[in-house]
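Residue numbers (this note's numbering): 106 to 406. Each residue gets a CB set at the ideal place from its N, CA and C atoms; glycine is no exception. Predicted model, so just to flag it, every value in this text is computed and none were measured. Taking it in order: structure first as structure tokens, then the write-up.
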Amino acid sequence: MQQGSGKCVAVVVTYNKLDYLKECLNRLQKCRQFLQKIVVVNNASTDGTRDYLMELSTAESLIDVLNEKENLGGAAGFNAGIKKAMEFDADAIWVMDDDCQVEPSTVDELQRAASSLVADGVEWGVLASNVRWTDGGPAVMNIPKTVATWNDRAETNLIRIEHSSFVSMYINTSMVKKFGYPIKDFFIWGDDVEYSYRIASKYPSYCVMSSEVVHNMVANAKVDIMTDSANRVPRYFYDVRNNFFISKRIGKKETLRFVYGFLKKIIRVSFHGQARAKKVRVLLRGFLAGLVFNPTVEKFQ
106 MQQGSGKCVA VVVTYNKLDY LKECLNRLQK CRQFLQKIVV VNNASTDGTR
156 DYLMELSTAE SLIDVLNEKE NLGGAAGFNA GIKKAMEFDA DAIWVMDDDC
206 QVEPSTVDEL QRAASSLVAD GVEWGVLASN VRWTDGGPAV MNIPKTVATW
256 NDRAETNLIR IEHSSFVSMY INTSMVKKFG YPIKDFFIWG DDVEYSYRIA
306 SKYPSYCVMS SEVVHNMVAN AKVDIMTDSA NRVPRYFYDV RNNFFISKRI
356 GKKETLRFVY GFLKKIIRVS FHGQARAKKV RVLLRGFLAG LVFNPTVEKF
406 Q
């Protein structure tokens, strides 16, 4: 049976962002008329998040908490959260980061879009919200990639996409049954791109322009090893490795495009900025790992 506009399960993954998490969950609770449950995955936070969630879930039956014993990364967090959400037999799963600021209209518009697609006989895959930054402009990290025929439903406020981010992604639960879960071995970066592409390459998926959400990031900028802080440089191993894997999955043309971009980045990093040798080593390690990286896609059971 095709999924429509029934209640969904929200999934929030958090790590050491207690103030942001409180704001996120306060706003989600105002969306309760649309929600069956809110699953919060705590990735072994050390900032009091565990105690806060214990107290909140005791007082609020809408909240269901998974406390991980160690930080296995955002990818494993979303993997675990979606697995838990599937236990509630909802029509859809609405995933987001802990610094996501939603409104009831955010999910209302997603559900309206889902109902409209179902009414037109469209078996949809994922729906992405229109992610804004705190100043009202587009959140540049969360702009979905559109397909060539992006405007096939533009008159209904839907833009067809190739992939999107986990910052307010509405997933048809029938797609989880067909395609399984996000790849937890990604650790961080690219898990949302791979997962949404896996689905959207087979089933029509859209950005719902009327479903607005604010991504409360410190800065409205894409991650960049050239400008990022020194303590975050090791993370770019995952950026290179995971995106290399994704490009190989898409095809030869995309792989060649990735390799070309990687070589340009190596040259750029080699001649500009600080800690150049360290950055080059991290990038090369990620590339070499990407040559053999072949993670398992877990199936729904």
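Identity of the residue in the options nearest residue i by Cα
i: G285; options: K142, S150, V207 and E403; result: E403
i: G241; options: L130, S150, D257 and H320; result: H320
i: Y125; options: S316, N336, L222 and D203; result: D203
i: G153; options: T119, D169, G186 and A181; result: T119
i: T401; options: V313, L361 and D290; result: D290
i: F367; options: K383, L389, K357 and A181; result: L389
i: M280; options: E267, N262, R265 and S301; result: S301
i: G391; options: Q379, G356, N347 and L130; result: N347
i: A324; options: V385, K122 and W238; result: W238
i: V146; options: A190, P243 and R132; result: A190
i: L161; options: A181, E175, L177 and L123; result: L123
i: I198; options: G186, C205 and P209; result: G186
i: P209; options: F405, L130 and V374; result: L130
i: S315; options: D194, M159 and A218; result: A218
Check whether residue i and residue j have beta carbons under 8 Å apart
i: D196; j: K282; result: no
i: V245; j: K327; result: yes
i: G179; j: D333; result: no
i: V449; j: M201; result: There is no way to answer for residue 449, as the model of the chain reaches only from 106 to 406.
i: E165; j: Q141; result: no
i: N235; j: E128; result: no
i: R258; j: V207; result: no
i: I264; j: T254; result: no
i: N184; j: P249; result: no
i: V231; j: I304; result: yes
Burial state of residue i, where buried means 16 or more other Cβ atoms lie within 10 Å
i: Y275; result: buried
i: F376; result: exposed
i: G46; result: This structure leaves residue 46 out entirely; the chain is present only between 106 and 406.
i: L396; result: exposed
i: A115; result: buried
i: Q379; result: exposed
i: Q138; result: exposed
i: G182; result: buried
i: P372; result: Note that residue 372 is Ile in the sequence shown here, rather than Pro. Flag for I372 reads exposed.
i: Q107; result: The predicted position of Q107 is uncertain, since its pLDDT is 42 and thus under 50; a value taken from the coordinates is nonetheless stated next. That one is exposed.
i: N247; result: buried
i: A233; result: buried
i: R354; result: exposed
i: A224; result: exposed
i: A335; result: exposed
i: K369; result: exposed
i: E192; result: exposed
i: E299; result: buried
Residues bridged to residue i (per DSSP)
i: Y120; result: Beta-bridge pairing links Y120 to no other residue.
i: D202; result: V118
i: C312; result: A233 and I264
i: P209; result: The partner list for P209 (beta bridge, DSSP) is empty, contrary to what the question assumes.
i: I372; result: According to DSSP, I372 bridges with nothing at all.
i: H320; result: C205
i: A197; result: C113 and N277
i: I248; result: According to DSSP, which records beta bridges pairwise, I248 is partnered with nothing at all.
i: I330; result: DSSP, once it has assigned bridges, lists no residue as partnering I330.
i: N147; result: T119 and N172
Pairwise C-alpha distance: residue j and residue i
i: T278; j: I168; result: 20 Å
i: E173; j: N148; result: 5 Å
i: R155; j: V170; result: 9 Å
i: F342; j: A382; result: 14 Å
i: T151; j: E260; result: 47 Å
i: S220; j: W229; result: 10 Å
i: L393; j: I330; result: 18 Å
i: S306; j: Q216; result: 21 Å
i: E359; j: I266; result: 17 Å
i: V364; j: V345; result: 10 Å
i: F350; j: R337; result: 21 Å
i: L222; j: K384; result: 46 Å
i: C136; j: R362; result: 42 Å
i: S310; j: R386; result: 37 Å
i: V212; j: S269; result: 16 Å
i: W294; j: G356; result: 20 Å
i: E214; j: N262; result: 10 Å
i: D194; j: F405; result: 13 Å
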